[in-house]
Amino acid sequence: WSCIFTLLFILCSFFILLCNGRNFIYSFWQFMTSEHQYISRKDEGDRMIVFERGDLVFVFNFHWTNSYSDYRIGCLKPGKYKVVLDSDDPLFGGFGRIDHNAEFFTFEGWYDDRPSSFMVYAPSRTAVVYALVDKVEEEVAIEE
1 WSCIFTLLFI LCSFFILLCN GRNFIYSFWQ FMTSEHQYIS RKDEGDRMIV
51 FERGDLVFVF NFHWTNSYSD YRIGCLKPGK YKVVLDSDDP LFGGFGRIDH
101 NAEFFTFEGW YDDRPSSFMV YAPSRTAVVY ALVDKVEEEV AIEE
């Protein structure tokens, strides 16, 4: 039961993030209507799910105690990624363990059936969304 409650907590937290002023993610990336969607990792042992939808990479850590540093995730597009949304933000009751100023550079070579990969920090019981930096910078330019 605790796993189900953890899953519901993460999904509800993520939904709240999207509803509370962060819905620019949908309006800018329009990931819900994108035809590109791919689940690259479903790891029962680590309790991790990684998937792509549109130009975004979603990383879910459902483990109730284990946080993972330098956790490699596969991605379709090479480049530099940044965090655009995370359920661990103190604004939403999280612990603020995710650095939104960090940049994540991809490595060449196949990983999880994806042509590129990058390393992330995945705290326990969190959902984090990553986007290519050129898309993030384009979003900032639009808001200014």
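Per UniProt numbering, the sequence shown starts with residue 1, numbered consecutively. Cβ atoms here follow ideal geometry from the backbone N, Cα and C, with glycine treated the same way.
Residue i, DSSP secondary structure in three states
i	result
D55	coil
P115	strand
F62	coil
D86	strand
D43	strand
F95	coil
Residue j beta carbon less than 8 Å from that of residue i
i	j	result
R53	H63	no
L56	A131	yes
F105	K82	no
A102	N61	no
V129	F58	yes
Residue closest to residue i, alpha-carbon to alpha-carbon, out of the options
i	options	result
P78	Y121, W110, V50, R97	W110
S45	L85, R114, N66, K82	The sequence given here places Gly at residue 45; Ser does not occur at that position. It is N66.
G94	E35, S124, D134, V50	S124
Residue i to residue j span [Cα, whole Å]
i	j	result
F118	G74	7 Å
F107	F92	32 Å
I39	D99	24 Å
R41	V50	5 Å
V84	T126	14 Å
D89	R97	8 Å
Residue(s) in a DSSP beta bridge with residue i
i	result
I73	F118
V129	F58, L85
E108	S116
Interface flag, residue i vs chain C, CB-CB below 8 Å
i	result
V50	You won't find chain C in this structure, because it holds only one protein chain.
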